[in-house]
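First comes the structure, then the notes that go with it.
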Amino acid sequence: MHLPAPFLTDRAAVEDAHALIRMHGEEAGFAAAARAEQYRVLGNHVHFARWRQIERLITYLAAEDVLDTVH
């Protein structure tokens, strides 16, 4: 399985992903997707893209396989 690592602009994205995982557990990716959708509906493409990347990060962290080079 090839899942590219998400692009993160700042540490706050990682902290937001961690908070969603802590609050929603396995449903955290859906919570991030819902937030992204809310911003898309509002026409705020910057926050839409940010929450989509957080959703991808949550998916990346949830994978049980090694997805990239291990150092």
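Residue numbers (this note's numbering): 1133 to 1203. Backbone N, C-alpha and C define an ideal beta-carbon position, used for all residues, glycine too.
Buried or exposed (CB count within 10 angstroms, at least 16 for buried), residue i
{"i": "ALA1144", "result": "exposed"}
Cβ pair residue i, residue j closer than 7 angstroms
{"i": "PHE1186", "j": "ALA1149", "result": "It should be pointed out that residue 1186 corresponds to Ile in this sequence rather than to Phe. In contact: ILE1186 and ALA1149 (Cβ atoms closer than 7 angstroms)."}
{"i": "PRO1138", "j": "LEU1193", "result": "no"}
{"i": "ARG1184", "j": "ALA1168", "result": "yes"}
Cα-Cα separation, residue i to residue j
{"i": "HIS1179", "j": "ASP1142", "result": "13 angstroms"}
{"i": "LEU1152", "j": "ARG1182", "result": "14 angstroms"}
{"i": "GLU1158", "j": "ARG1172", "result": "23 angstroms"}
First and last residue of the uninterrupted alpha helix (DSSP H) at residue i
{"i": "VAL1189", "result": "For the sequence presented, residue 1189 should be read as Leu rather than Val. Note, LEU1189: alpha helix (DSSP H), 1177-1194."}
{"i": "PHE1139", "result": "Unbroken run through PHE1139: none, as it is neither H nor E."}
Identity of the residue in the options nearest residue i by Cα
{"i": "ALA1165", "options": "GLY1175, LEU1140, GLU1147, THR1191", "result": "THR1191"}
Heavy atom of the ligand NAP within 6 angstroms of residue i beta-carbon
{"i": "TYR1192", "result": "For the structure depicted, the ligand NAP is absent and the ligand set is empty, with no information on it obtainable."}
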